[in-house]
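Novice: Residues in the sequence shown are numbered consecutively from 21, following my numbering.
No residue lacks a Cβ here, since even glycine has one placed at the ideal position from N, Cα and C.
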Amino acid sequence: QVQLVESGGALVQAGGSLRLSCAVSGITFSIYGFAWYRQAPGKQRELVATISAGETPTYADSVRGRFTISRDNAKNTVYLQTNSLKPEDTAVYYCNKLPRLAGWGRGTQVTVSS
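Here is the structure:
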């Protein structure tokens with residue numbers, strides 16, 4: 021059974037940084053790509069960034085240049101470094117594998133105050 025456990029969220033002031041982590045178990049981590057998503061209150065979940073098995077990243081326009089996705093195959097963990105945070109980045113952040121699983125982890129709350 022695949023498990024996705026997100027962590028690292030917090031309350032931070034605008035301009036601050038956070039490093040989010042997603043610990044993955046139950047699959048052969050190194051052969052899959054992964055993605056970070058976020059869901060703000062009252063909005064649909066949106067794709068933030070992806071990373072392929074070969075470590076090629078992609079980013080949503082809203083975060084490009086501020087966020088960096090990475091992975092550590094030895095630790096079965098995907099990271100999202102978030103810099104220059106803005107209030108509009110406030111959301112619950114989730115990770116998932118590619119292709120996406122039907123289920124989701126609990127996510128991690130990021131709150132950016134102005």
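If we ignore side chains and look at the alpha-carbon of each, how far apart do Arg39 and Leu100 end up?
Specialist: Approximately 6 Å, taken between the alpha carbons.
Novice: Classify Ile51 as helix, strand or coil using the three-state DSSP reduction.
Specialist: In the structure shown, Ile51 sits in a helix (DSSP, three-state: H, G or I).
Novice: Using CA coordinates, which residue listed in Ser72, Val112 and Tyr79 is at the minimum distance from Asn93?
Specialist: Of the candidates Ser72, Val112 and Tyr79, the one whose C-alpha sits nearest the C-alpha of Asn93 is Ser72.
Novice: Determine the direct distance from the alpha carbon of Val44 to that of Val83, and round the result to whole angstroms.
Specialist: Looking at the two C-alpha atoms, the distance is approximately 23 Å.
Novice: Relative to the alpha-carbon of Leu24, which residue among Asn96, Glu108 and Asp109 has its alpha-carbon at the smallest distance?
Specialist: It is Asn96 whose Cα lies nearest to the Cα of Leu24.
Novice: Is the region 30 to 39 touching the region 72 to 81 in the sense that three or more CB pairs, one from each, lie closer than 8 Å?
Specialist: In short, these stretches do not touch, since the Cβ pair count stays below three.
Novice: Ignore the nearest five residues each way along the sequence and tell me which others in Ser90's own chain have a CB closer than 6 Å to its CB.
Specialist: Closer than 6 Å at the Cβ level, and outside the excluded window around Ser90, lie Tyr99.
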